[in-house]
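Residue numbers (my numbering): 1 to 671.
Cβ atoms here follow ideal geometry from the backbone N, Cα and C, with glycine treated the same way.
A short worksheet on the structure shown next.
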Amino acid sequence: MKRNGTKSVAVALSVGPGPAGPVLAQKGLARTVLASTVLASTVQASTVLAGTLLAGALLATAASVGLATPAYADVEDFTFASYDADYWLSRDDDGSAVMRTVETLVAEFPETDQNRGIVRALPDEYNGLPLETRVDSVVDQNGDDIPYEQDDEGDFVVLTLGGDDEYVHGEQTYVIDYTQHDVVRSFADTGVDELYWDTNGTGFAQPFGRVSARFRIDPELETALTGDASCYVGADGSTTQCEVTRGTDASGPVFTAGASDLGPGETVTAAIAFTAGTFVIPDPPRPAVWAIALPIVLMILIGVLSLVAVVVRLRAPRDAAGRGTIIPEYSVPEQDNLLVAGNVVGRAEKAMAAAMVALAVRGNLQIVDNGKDEYSLRYLNSAGTDEQEADLLAALFGRDAGRGKVRSLKKPSAKFATKLQKVATDTKARVLKLGLRRTVRSAPGLALLWALVAMFPLALVLFILNLAVSPAPSISGIVVLPVAIAGVIVGAGCAYIPAVLTTAGATLRDYLLGVKMYLTLAEADRFRMLQSPEGALRVESAPRVDSAPRVDSAPRVGSTVPVDSALPVDTGDENQVVKLYEKLLPYAVLWGIEREWASELAVRYENSSPDWYVGSSGFNPVLFGASMHSFSTSAATAASYAASTGASSSGGSMGGGSAGGGGGGGGGGGH
């Protein structure tokens, strides 16, 4: 008995194609079949992805998508003792395959008032062709009618078995009798017609104690049987084979397949081969002309807009040229802020560690080596720091820190890392304020971005219409959506132009490149440069950048001899050389060559030790280079801490199939 109703039943199904298997691999053939369930999933996934990408490109806040929770999640908490099915395959007058199915499901419900029956979802589509599923009856083991509601849910006929007014308990039997057409397909990789069929399907959340199936072949078709048959068991895509036997009874040839102890989402799939041409298999529907043409036109337009956006971006203003020639420089620039320097030369990831070393060398803090690559910072004073360096000290130790306060870098908290990140982020504004960079606005780039954004809803509409209205989906109608998403990404990337270096910024960049060049010179070449008049002239011409005044300098920790930066360094005076090398150490950290430079500096510490670096077991010049490299890594780490009805397109009768790869199957659950 069928009761008409408007109740919508949501059924989770997962029936799809599995791995191709041996036959497909041997013959090297591949076929693509666009199953409607897979396409529907693609719609959902593409829409979510597109929304996320658009939100990022336009700097908008994406709305969260909530997932509905079933009102009665516990209705799925039961088991099936068995699934037994008889399939009668015959050939219709027009030569097409028709199959009657009688399946018996024995459910075991708890004794509590939980379930009113089961839900059975029968596939109504197979490789793009309708099965014309017709349900003839639903009865119990005694042949008494069971009330049910039938709903069309996309490519499934969903049956809700049992009334709404009465709970069922213990063992309950449901016998469903239905007929389907065009159940046989021709597979190029096997060269035969096949009944490639899932039994219970992979869409059940319950285990099955036993699944058995008997495929009864019309005697008129017996001579068309090739003798090949296969059985597969397991989850979707499983190639585990099960036993299939051929026999004969009064009705003709019978193929029997089955397995025991199937888990949730597992099925038995059988494949029976017939001589090619045994059945008339209708051609799959073709996409509508508009479903092919309109997406192509839109993709061409998106491609043209994206290309123009790239051209506009390539012609956008760039960094100033600078002085062109890079020469070695051994004096630090007046703008001695390592965070700013890191931004100018594009080494922001090293800038924080370099800034900490700079504060140590200047005497504002001490680096404490606790051993085993663990480090702490000890606050001394804020003398000589600019506004941003003072903010960095505050992030490390707090605004009102007293001399001797210690900050461990062993296990930085997210809160601490956030403070450091804020200091690093403020560098961008500081560089703009100092006139080292300038912002660039590209009106054409923004216009092209919005044009590409406007293409997305058009692509989405075509994508949906292609799936919902066209007789068959077109490839272009599917590809158009990811192409539109890619266009938005390209447009966003081309519309965004980072702040470019001004002439002053380019000059400072080239000077810092000169410092790097000096750091990598051989010692003899460095000494010759220190002693030369040209070196003094380069010191005098070090770039000056207007900046906030520093706090009056206090006596430097460890400083004994002041050095006039406008004069050549006396290489015979170890104090002068040590002081110069110390001042350059933060820049070595910035350029990632701190290990080598610290090793050079360690040689100068043979008769003394730096006051700004304290080891747990005393100062060791031999290990100093490795220690500085380890510290820079720890500091950088601390700064960043916050921081199935898709049937298979290949045959299975010769052993190259998989569970869940055939037609039929479906799934269900409780209600």
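Excluding sequence positions up to five before and after D261, its CB lies within less than 7 Å of the CB of G209, all in the same chain and listed in chain order. According to DSSP, S408 shares a beta bridge with S376. The residue among T79, V500 and D165 with its C-alpha nearest the C-alpha of G265 is T79.
Under the three-state reduction of DSSP output, V102 falls in the strand class. Contact annotation: A383 and N364 have beta-carbon atoms nearer than 8 Å. Nearest Cα to V480 within the set Y379, A504, E149 and I300: I300. If the five residues before and after F397 are omitted, its C-beta is found closer than 7 Å to the C-beta atoms of Y379, K405 and R407, all from its own chain and listed in chain order. Between the stretch 332-341 and the stretch 429-436 there are three or more C-beta pairs closer than 8 Å, enough to call the two in contact. In the three-state scheme derived from DSSP, where H, G and I count as helix and E and B as strand, C494 is classed as helix.
Assigned with DSSP and collapsed to three states, P444 falls in helix.
Note on geometry: alpha-carbon atoms of Q366 and V310 lie some 49 Å from one another.
Linking G163 to V483 through their CA atoms gives a straight-line distance of about 48 Å.
Secondary structure in the stretch 94-149: the beta strand (DSSP E) runs of 3 residues or longer, each lying completely within the stretch, are 97-109, 118-123 and 134-139 in chain order. Nearest C-alpha to R362 among P586, Y174, V423 and V102: P586.
In this structure, D218 and G252 form a Cβ contact; the two beta carbons are roughly 6 Å apart against a cut-off of 8 Å. Looking at the DSSP output, I217 sits in a beta bridge with L89. With a cut-off of 8 Å on Cβ pairs, the stretch 269-276 is not in contact with the stretch 452-467, counting fewer than three such pairs. For E243, the closest of Y83, F255 and V577 by C-alpha to C-alpha distance is F255. Counting only residues of its own chain and dropping the five nearest sequence neighbours on each side, T179 has a CB closer than 6 Å to the CB of R100 and R134. DSSP, reduced to helix, strand and coil, places Q576 within a helical segment of the structure shown. Residue environment analysis places W591 among the buried positions, since at least 16 neighbouring C-beta atoms fall within 10 angstroms of its C-beta. The three-state secondary structure of W197, taken from DSSP, is strand. For I281, same chain residues with a beta-carbon under 6 Å away, outside a window of 5 residues either side, are S186 in chain order. If you check the CB distance, A288 and P471 come in under 8 Å. Annotation: A291 to P473 spans about 7 Å, alpha carbon to alpha carbon. About 18 Å separates the beta carbons of V211 and V119, which is beyond the 8 Å limit, so they are not a contact pair. The beta-bridge partner set that DSSP reports for P253 consists of T248. Nearest C-alpha to L465 among T240, Q172, A293 and S96: A293.
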